[in-house]
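Below is one structure, written out as structure tokens; comments come after it.
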Amino acid sequence: MEIINRRKRMMSVARKLRREENRTIGFVPTMGALHEGHLSLIHEARAMCDVVVVSVFVNPAQFGPGEDFNSYPRDLTRDAALLAEYNVDYVFAPTVEEIYPPGFSTYVTVEGASDQLEGASRPGHFRGVTTVVAILFNVIKPDFAFFGQKDAQQAVLIKRMVRDLAFNTEIVVLPIVREASGLAMSSRNNYLKDEQRRAATVLNRALSKASEAYEEGEHSATRLTELVRATIEKEPLARIDYVSVNDAETLAQLDKIDERPVLVSLAVFIGKTRLIDNVVLGKTKKHDAAGAIA
Ligand code: AMP
């Protein structure tokens, strides 16, 4: 496994793999502090592609003022050891200057859908995400790139960017990996103290309640939202940022749920830690199995 810091080196390695060796490249972008959620993406990339590239880059452009850019967990030594175990071929771990050279002034924005949900709470967040992913795609030119359903809106926006700007990369979205408690794995779970970690299980419990109600015939978005809110409000350590019901593909806000897959998503503060989670309702059986809540 080679760790690459320079974008020029990454570009020439990727070019050689594609042109001279004709090998398919699978790419998994991450911010490090790796956990089993990331590893599930890497596992799938390993199964589908000849070469696996994982980036580890805490992207300043996707953090707002007062967010946790400085305190975000960073441990490249630990991450690299895990990645080697998973037979990753290349780790791309650039410095901020490698990605954003002096005078950097070009951004990629998916208009409209970037401003809702996570984007409404975190202005500019998705501009940072789509810009860095566009840069990474241009450097690596992967055949496939792997993203987690954990960040459902991110996956929708990346797919749209790829379609709109004709990136030659297929986007693969994989289900949320959870702890036994139901808590969605996240690098930010590292911030939680024991008591908070227990409280954080309320996110998945609330979403599971919405799933059950939906299965029993509740198709009003308002009532499902209220059910989720009421469940979370019973947890004294939790403070709701938002709970929302949207079309899973267009992200349009919905009042009533029809046959289309619907995304129930939320963001909740546990102490100072902001956690997100979601569930998709109204999927086919096949998708259900993949995206099921524990
Ligand atoms: P991050 O390092 O948080 O930027 O995440 C990198 C990738 O891992 C993103 O595509 C995330 O959606 C995905 N990811 C993070 N947590 C999970 C999880 N619990 N299950 C599945 N994918 C995840």
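Note that the numbering used here has the sequence shown beginning at 819, numbered continuously upward.
A virtual CB, placed ideally from N, CA and C, is assigned to each residue, including glycine.
Discussion item. On the DSSP bridge list, what partners appear for Val1082?
Written reply: Looking up residue 1082 in the sequence shown gives position 264. Paired residue(s): Val1063 and Val1097.
Worksheet item: Could you give the distance in angstroms between the alpha-carbon of Met828 and the alpha-carbon of Asp933?
Response: Sequence index remark: in the sequence shown, residue 828 carries index 10 (1-based). Sequence index remark: in the sequence shown, residue 933 carries index 115 (1-based). Rounded to the nearest angstrom, the two C-alpha atoms are 32 Å apart.
Discussion item. I want to know whether the segment 879-899 touches the segment 847-857 - three or more CB-CB distances under 8 Å.
Written reply: Cβ pair count under 8 Å is three or more, so yes.
Worksheet item: Mind checking whether Glu916 and Arg833 have CB atoms under 8 Å apart?
Response: Counted from its first residue, the sequence shown places residue 916 at position 98. Counted from its first residue, the sequence shown places residue 833 at position 15. No.
Fill in: Identity of the residue in Phe845, Ile1094 and Arg1078 nearest Lys959 by Cα
Here residue 959 refers to the residue found at position 141 of the sequence shown. Ranked by Cα distance from Lys959, the options Phe845, Ile1094 and Arg1078 are led by Phe845.
Practice prompt. Reducing DSSP to helix, strand and coil, say where Glu1036 ends up.
Written response: Position 218 of the sequence shown, counted from the start, is the residue given in the question as residue 1036. Note: Glu1036 maps to coil in three-state DSSP.
Practice prompt. Mind checking which residues open and close the alpha helix (DSSP H) that includes Leu1001?
Written response: In the sequence shown, counting from the first residue as 1, residue 1001 sits at position 183. Per DSSP, Leu1001 belongs to no alpha helix (DSSP H) and is neither H nor E.
Worksheet item: Between the beta-carbon of Thr948 and the beta-carbon of Val914, is there less than 8 Å?
Response: As a first step, residue 948 is located in the sequence shown; it is residue number 130 there, counting from the start. As a first step, residue 914 is located in the sequence shown; it is residue number 96 there, counting from the start. No, they are not a contact pair.
Item to complete: Have a look at Leu1001 and Arg1057 and give me their C-alpha separation to the nearest angstrom.
Response: Here residue 1001 refers to the residue found at position 183 of the sequence shown. Here residue 1057 refers to the residue found at position 239 of the sequence shown. Cα-Cα distance, rounded: 16 Å.
Item to complete: Could you check if Glu839 is buried or exposed, using at least 16 other CB atoms within 10 Å of its CB as the buried criterion?
Response: In the sequence shown, the residue the question calls residue 839 occupies position 21. It counts as exposed.
Fill in: Selected residue, minimal CA-CA separation from Leu975, among Gly946, Ala998 and Leu859
Within the sequence shown, numbered from 1, the residue matching residue 975 stands at position 157. Ranking Gly946, Ala998 and Leu859 by Cα distance to Leu975 puts Gly946 first.
Worksheet item: Comparing alpha-carbon positions, which option in Val990, Glu988, Glu1013 and Leu1021 lies nearest Met1003?
Response: The count along the sequence shown starts at 1 and reaches residue 1003 at position 185. Checked all of Val990, Glu988, Glu1013 and Leu1021; the closest Cα to Met1003 is Leu1021.
Worksheet item: Going by C-alpha distance, which of Ile953, Asn986, Tyr1032 and His943 is nearest Pro919?
Response: As a position in the sequence shown, residue 919 is number 101, starting the count at 1. Measuring from the Cα of Pro919, the nearest candidate turns out to be Ile953.
Fill in: Rounded distance between the beta-carbons of Gly882 and Lys968, thought under 8 Å
Taking the first residue of the sequence shown as 1, we reach residue 968 at position 150. Taking the first residue of the sequence shown as 1, we reach residue 882 at position 64. Wrong, their Cβ atoms sit about 20 Å apart, outside the cutoff.
Item to complete: Assuming Tyr904 and Arg864 form a contact by the criterion Cβ under 8 Å, report the distance between their Cβ atoms to the nearest whole angstrom.
Response: As a first step, residue 904 must be located in the sequence shown, where it is residue number 86. As a first step, residue 864 must be located in the sequence shown, where it is residue number 46. Right, their Cβ atoms sit about 7 Å apart.
Worksheet item: Taking DSSP as the reference, what is the three-state secondary structure of Phe881?
Response: Counting from 1 along the sequence shown, the entry for residue 881 is found at position 63. DSSP places Phe881 in coil when its eight states are reduced to three.
Worksheet item: Between the C-alpha atoms of Ile1088 and Glu1033, what's the straight-line distance to the nearest angstrom?
Response: As a working mapping, residue 1088 is identified with position 270 in the sequence shown. As a working mapping, residue 1033 is identified with position 215 in the sequence shown. Take the alpha-carbon of Ile1088 and the one of Glu1033: they are about 29 Å apart.
Item to complete: Assign Arg981 to buried or exposed, taking buried as 16 or more other Cβ atoms, counted over all protein chains shown, within 10 Å of its Cβ.
Response: Position 163 of the sequence shown, counting from 1, holds the residue named residue 981. The residue in question, Arg981, is exposed, as its Cβ has fewer than 16 Cβ neighbours within 10 Å.
Worksheet item: Is Thr1019 helix, strand or coil when you go by DSSP?
Response: Position 201 of the sequence shown, counted from the first residue, corresponds to residue 1019. Coil, per DSSP.
Worksheet item: Does the segment 1024-1031 touch the segment 1071-1085, meaning 3 or more C-beta pairs lie closer than 8 Å?
Response: yes
Worksheet item: Using DSSP with H/G/I as helix, E/B as strand and the rest coil, what is Tyr890?
Response: On the sequence shown, position 72 is the one that residue 890 refers to. Three-state result, Tyr890: coil.
Fill in: Element boundaries [beta strand (DSSP E), containing Gly942]
Against the sequence shown, residue 942 aligns to sequence position 124. Counting along the chain, Gly942 falls outside any beta strand (DSSP E), and DSSP gives it neither H nor E.
Practice prompt. Return the residue from the list Val1086, Ala963, Tyr908 and Thr1019 that minimises the CA-CA distance to Tyr1060.
Written response: Position 242 of the sequence shown holds residue 1060. The option with the nearest alpha carbon to Tyr1060 is Val1086.
Practice prompt. Could you pull out every residue in the same chain whose Cβ sits closer than 8 Å to the Cβ of Glu1053, ignoring the five residues on either side in sequence?
Written response: Within the sequence shown, residue 1053 is the residue found at index 235, counting from 1. These residues qualify, in order along the chain: Ala1017 and Val1020.
Practice prompt. Look up Ala1056 in the DSSP assignment and give the residues it is bridged to.
Written response: Along the sequence shown, read from residue 1 onward, the residue named residue 1056 stands at position 238. Beta-bridge pairing links Ala1056 to Ile1088.
Discussion item. Helix, strand or coil, according to DSSP, for Lys959 in the structure here?
Written reply: As a working mapping, residue 959 is identified with position 141 in the sequence shown. It is coil, neither helix nor strand.
Worksheet item: Tell me the DSSP bridge mates of Gln1071?
Response: Here residue 1071 refers to the residue found at position 253 when the sequence shown is read from its first residue. Per DSSP, the beta bridge partners of Gln1071 are Asn1064.
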